[in-house]
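Trainee: Sharing a structure here in structure tokens format.
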Amino acid sequence: MNVLLDTKILLWWLADDPALPPRARDAIADPDTSAVISAATMWEIAIKKAAGRLDAPDDLLAVLADGAFDSLAITAGHAIAAARLPSHHADPFDRMLIAQARAEQLQIATVDRRFGDYDVGLLAHG
């Protein structure tokens, strides 16, 4: 399985937070799962951490490398696809994840119900 983690799912995983849905926890822990982190997620975390609105590890890149996560860059194609999405969801980071998941054939691990308004596979839909 190939699964793209949204920001909340990633942070819950890193913190071993009980809020992480069991289905997402099991998928991420499965050695046959390719758990993917988008550059958009890293960007969102860095922005919110710098603004004091989010608690995240200072050494996030090292933590992710140690966790055997795959990274996903943002391409021009992803950017255009995100801009062309219907406006069900206003958050630009989430719109990018949706566009990337669709383009790269990934499921998204999320609890954000607004993702369900798009034609995208969802793993931990809340």
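Position 69 (the sequence shown) corresponds to 83 in the numbering used here; numbering is contiguous. Where a beta carbon is used, it is the ideal one built from N, C-alpha and C, also for glycine. For clarity, every value in this text was computed on a predicted model and none was experimentally measured.
To which residues does DSSP link L19 through a beta bridge?
Mentor: Its beta-bridge partners are A123.
Trainee: Within 8 Å, do at least three Cβ pairs link the segment 37-45 to the segment 87-106?
Mentor: No contact exists between the segment 87-106 and the segment 37-45.
Trainee: Within the segment 25-65, note down every full beta strand (DSSP E) run reaching 3 residues or more, in order along the chain.
Mentor: The segment 25-65 contains these whole beta strand (DSSP E) runs: 48-52.
Trainee: In whole angstroms, give me the CA-to-CA distance for D73 and S52.
Mentor: Whole-angstrom Cα-Cα distance: 17 Å.
Trainee: Tell me, which residues are paired with D133 by DSSP?
Mentor: None; D133 has no bridge partner.
Trainee: Exposed or buried, Q119, counting other C-beta atoms within 10 Å across all chains shown (16 or more means buried)?
Mentor: With fewer than 16 Cβ atoms within 10 Å of its Cβ, Q119 is classed as exposed.
Trainee: Rounded to a whole number of angstroms, what is the C-alpha to C-alpha distance between D126 and Y132?
Mentor: Looking at the two C-alpha atoms, the distance is approximately 12 Å.
Trainee: Could you give the DSSP three-state label for L74: helix, strand or coil?
Mentor: The answer is helix: DSSP assigns L74 an H, G or I state.
Trainee: Ends of the beta strand (DSSP E) at L86?
Mentor: Counting along the chain, the beta strand (DSSP E) containing L86 begins and ends at D84 to L86.
Trainee: Is P106 helix, strand or coil when you go by DSSP?
Mentor: Helix.
Trainee: Ignore the nearest five residues each way along the sequence and tell me which others in K38's own chain have a CB closer than 7 Å to its CB.
Mentor: In the sequence under discussion, the amino acid at residue 38 is Ala, which differs from the Lys named in the question. Correct list, in chain order: I23, A123, L137 and A138.
Trainee: Could you give the DSSP three-state label for G91: helix, strand or coil?
Mentor: Reduced to three states, the DSSP call for G91 is helix.
Trainee: Output needed for A79: all residues of its chain with C-beta closer than 8 Å, excluding positions within five of it in sequence on either side, in chain order.
Mentor: Excluding residues within five positions, none has a Cβ falling inside 8 Å.
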